[in-house]
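Have a look at the structure below, then the notes.
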Amino acid sequence: MEKQCDFGQLLNKPCNKDHYTRSVDLENLSNLSEDNQEILLWRAGLLNSKRKELTICLHHKKWFGEVFERTNNKCCGILKKHKKKSKGNKVVSLEMAKRLKKKDINIVPGYQLCRECEKQLDLIDKSEEDESMSENEQSKDHEFSAAGFTPPRKKLNKTLSSIGSSPINLHSIPQHSRGPTAKRKLAKVSQKLKENLVEAYSIEDFNSNPSEAPISKDVQEKAKELDELHEALKAKLMTACYSDKVQILTLIPDSWSRSFAAKYFNVSVYMIRTARELKKEKGILARPIAKRGKELLSETLQLVLNFFEDDEYSRIMPGKKDCVSVGRNIYKQKRLILCNLKELYFAFTEKYPTVKLGFSKFCSLRPKWCLTADSNGTHSVCVCSKHQNAILLLDAMEWDITYKDLIDKVVCDSSNRICMIHRCNSCPGSDALRMFLEEELKEVDPDVGVFFHQWQTTDRSTLYNQTASLDEYEELVIETINTLTMHSYIAKCQGEFLKSKKENLAINEAIVLGDFAENFQFVIQDEVQSYHWSKGYCTLHPIVIYLLDSEGNLKHESLCFISDDNSHDTCFVYQVQTKLVSYIKENHLNITKLYYFSDGCSGQYKNYKNFINLCLHREDFGLDAEWVFFATSHGKSPCDGIGGTVKRYVAKRSIQRPLDNQILDYKAMIELCRDEIHGIIFIEINQLEMTNMREHLKIRFEKGKTVPGTRMYHHFVPQSKCKISYKITSDEENLSGSFNLYDEKSLELDMNNIKISKFVSCQYDALWWIGMIQNIDEEAGDILVNFLHPHGPSKSFYWPSRDDSCYVPLKNILCLISSPSTSTGRIYNILDDDYDKTILAFAKSNTDLI
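In terms of full-length UniProt numbering, the numbers along the sequence shown are unbroken and rise by one, the last being 850.
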């Protein structure tokens, strides 16, 4: 049961009700202002009680405060001049109640008066008792003063008679005419008094009008300053927020009426009333307490933060200057949001439909380090050339469409693997895209060439300006979109596989993300000119490990390998693996399997040497491993941010050391990083180690063979010490094939018989297809095949509306077949011998895979 306040005990009334307040609590009366204490005690009839010892609950504070004034809105009838209660016109203030109490009229502050009672009480309040009156006369006059205007008028008439002016007679003068009559009477009396003064002093006429009296310069200056202050307040009110407006309006004098103040400052009467109530409670320049809105759950805030930092929607920026300060000596690596905020918000609502969050609030929760593309310092490099060429191609026409919209024109489901890689029978194909382009470009003059930019790669990448006819431009768009569908699907699948693996990681598994950072160039403050041409470098290879803690929550650890060996090759990667596994075994004994994630750089990761090391991973380190590659130019990961952080900090500290302790080699750099950069583990790799490692691995790599079609596969799983399996995307259930890295047997197919326009049967996506050879890449060991549909075991085939072409490794060619025959020009059939030969070769290939 809640404790009862002193007001409730003295008045014998219940406390702590929640009719008028949201909460239940007690507070000391002494915490309020003196005026508020006196008003509450007066209204409760406890004026003689000791204030400092009293307590009041929030219910009684509200009841004797705002509720009291709201409920007593009729005239209190203190003078008993009317039987029926009339509408109140004026609220009795505390000062007025005190003055009337001295005249034995006890009226409670907060009561209201009608106009008649107000005028009578004003006369009583202003009247002075005649000291010469007897006690009986005083008593009688008091009765008169409570009942009418006789004593004041009687005294005034005596005064008027003494100066020779006529007396005041209110008979037959209506109430509404008494004001003007009194003004005219005042003018006459003033003139009569002036005449008497002139006669008494024996002087000429003089100016007695107070309004024409000279005003001092000081008063004029103050009046001017007050006008300027009013104008400044008016100007501020035009742009201020609601709480600032109410705060300013608390400065309005109490003598101003609400309507006049509202008109003067061009605000509502309600705002004036609110400001005066606030001033009465807290004084001038008080601010209204903002209503507390619905608070977001901490889980929702974390959900939004994780969404902004999701690699699917933003990527970390690798530069050493790509950082923002989020606190004292706290820096966060920038992340570039890959779409606009509206698109990002729609993606959030689709992913989390049960989370109620508005767009403006979603944008306000964007972390400081997650930047949009139009922000300063978001110069983006190392983007995908295939995606960028598609964007540049569409930009030539200034369309309000994206390459994603055009992909949707050629496939029926952009999330379906068959549609994105081969096209299903329901896919609209290139014809639908061609019709769309013709409709969109029908108003373009076909004689005017289309100007656009494209990235082209030979031994280096260069941005070229190109011009094409309208027909050529349409065909180039169609070809680009057809090529882009498979690439986009692979990029999306690999990104989603990493995300899924993080969410479903086993307690004995770890994810390893790694990539070479750009070499760090040592910096010296106040260096001489010639040093510019002989600066030293060191190699940085950041690593991020994802694993589960003892409670099953995903955590990450950051490592950075620093070396004076500047050869970025597979041997260096192997040395990183050696030290990495040693660290994992030392600190995480439960880990038995690693998933490596990296980009597809052929000189470092995606080559037969690395696949040989992967097959021998269990033998070398005692841990199982698989290697996952991102799509081409889509390998940005958090490890890039580690490289940027380290290089930024070391460069800063180098500039702060102009005279001594300069950082001149990788050893000094490692020592600095270990001492001052916390949260990243630094491991040294010296050049001597790398020399020995390259000699050791040279023998291992001597007889290794390149996996045919390496570039089209993005997930590699070792099967034995020399055999590796692979698949196009990581989400595929079945492996696409396998290869013996030390197999010295020649291919069964005679390369002399593999010629362009010949037909072959081949294995692709764990199925067999037939198609015509369009190109042969002997260096890569694969051929470009244009497939007929459907796949086997069908005996009848047709050419799809959209060319279904891709490179197939020579190892996946099952056999050469005769050209299919047709009688209709649409349906093609193969010979029974070719069919049987294909079935046998496909069965043998699957047996070898198992």
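By construction, the Cβ of each residue, glycine as well, lies at the ideal position given by its N, Cα and C atoms.
State yes or no: is the C-beta of residue i within less than 8 Å of the C-beta of residue j?
| i | j | result |
| --- | --- | --- |
| residue 121 | residue 75 | no |
| residue 563 | residue 685 | yes |
| residue 485 | residue 390 | no |
| residue 570 | residue 607 | yes |
| residue 323 | residue 648 | yes |
| residue 514 | residue 639 | yes |
| residue 868 | residue 237 | For the chain, the structure presents residues 1 to 850; residue 868 sits outside this window and is missing. |
| residue 539 | residue 566 | yes |
| residue 724 | residue 840 | no |
| residue 603 | residue 568 | yes |
| residue 672 | residue 663 | yes |
| residue 477 | residue 437 | yes |
| residue 43 | residue 108 | yes |
| residue 355 | residue 303 | yes |
| residue 742 | residue 703 | yes |
| residue 386 | residue 483 | yes |
| residue 544 | residue 642 | yes |
| residue 644 | residue 247 | no |
| residue 715 | residue 628 | yes |
| residue 156 | residue 168 | yes |
| residue 834 | residue 817 | yes |
| residue 39 | residue 94 | yes |
| residue 300 | residue 337 | no |
| residue 290 | residue 364 | no |
| residue 67 | residue 111 | no |
| residue 693 | residue 574 | yes |
Starting from residue i, follow its DSSP beta bridges and name the residues at the other end.
| i | result |
| --- | --- |
| residue 332 | 324 |
| residue 682 | 560 |
| residue 28 | 55 |
| residue 767 | 764 |
| residue 541 | 561 |
| residue 809 | 782 |
| residue 796 | 829 |
| residue 772 | 759 and 786 |
| residue 272 | Partner(s): none; residue 272 has no beta bridge. |
| residue 509 | 593 |
| residue 777 | 782 |
| residue 546 | 511 and 556 |
Assuming residue i and residue j are in contact, meaning their beta carbons sit under 8 Å apart, how far apart are those beta carbons, in whole angstroms?
| i | j | result |
| --- | --- | --- |
| residue 718 | residue 617 | 7 Å |
| residue 781 | residue 810 | 5 Å |
| residue 851 | residue 163 | This structure cannot settle anything about residue 851, because the visible part of the chain is limited to 1 through 850. |
| residue 851 | residue 8 | In the structure as shown, the chain begins at 1 and stops at 850. Residue 851 is therefore absent and cannot be evaluated. |
| residue 828 | residue 798 | 7 Å |
| residue 55 | residue 18 | That pair is no contact at about 18 Å. |
| residue 683 | residue 555 | In fact, because the Cβ distance is near 19 Å, the residues do not count as touching under 8 Å. |
| residue 787 | residue 769 | 5 Å |
| residue 452 | residue 393 | 6 Å |
| residue 785 | residue 774 | 7 Å |
| residue 118 | residue 85 | Not a contact, Cβ separation roughly 15 Å. |
| residue 815 | residue 838 | 6 Å |
| residue 29 | residue 37 | 6 Å |
If you measure from the beta carbon of residue i to each beta carbon in chain C, is any gap under 8 Å?
| i | result |
| --- | --- |
| residue 46 | The structure shown contains no chain C; it holds only a single protein chain. |
Decide if the region 499-514 is in contact with the region 414-434; the criterion is three or more beta carbon pairs, one per stretch, under 8 Å apart. Flag = no, the region 499-514 and the region 414-434 do not touch.
Which runs of the alpha helix (DSSP H) at least 4 residues long sit entirely within the region 641-727? Give them in chain order. The qualifying runs are 666-676 and 687-701.
Decide yes or no for the touch test of the region 295-313 against the region 594-614: beta carbon pairs closer than 8 Å, at least 3 of them. Cβ pair count under 8 Å is below three, so no.
Which complete beta strand (DSSP E) runs does the region 577-646 hold, if anything under 3 residues is left out? For the region 577-646, whole beta strand (DSSP E) runs of length 3 or above, ordered along the chain, are 593-598 and 624-629.
Taking 8 Å as the cut-off, does the region 401-412 touch the region 768-784 (at least 3 CB pairs, one atom from each stretch)? With the cut-off at 8 Å, the region 768-784 and the region 401-412 do not touch.
Hey, is the region 596-604 in contact with the region 727-739, meaning 3+ C-beta pairs nearer than 8 Å? Not touching, per the Cβ criterion.
Touch check for the region 238-254 and the region 270-290: three-plus C-beta pairs under 8 Å? Yes, the region 238-254 is in contact with the region 270-290.
Length at least 4, wholly inside the region 427-496: the alpha helix (DSSP H) runs in chain order: 429-440, all fully within the region 427-496.
May I ask you to verify whether the region 438-456 touches the region 465-484, counting CB pairs closer than 8 Å and requiring at least 3? With a cut-off of 8 Å, the region 465-484 and the region 438-456 count as touching, because enough Cβ pairs lie within range.
Touching or not, the region 303-319 and the region 483-500, by the rule of three or more beta carbon pairs under 8 Å? Yes, the region 303-319 touches the region 483-500.
Given 8 Å as the limit, is there contact between the region 400-408 and the region 326-345, that is, 3 or more CB pairs closer than that? Fewer than three Cβ pairs drawn from the region 400-408 and the region 326-345 lie within less than 8 Å of each other, which leaves the two stretches out of contact.
For the region 255-263 and the region 225-242, state whether three or more C-beta atom pairs, one from each stretch, are separated by less than 8 Å. By the Cβ rule, the region 255-263 does not count as touching the region 225-242, because fewer than three pairs are nearer than 8 Å.
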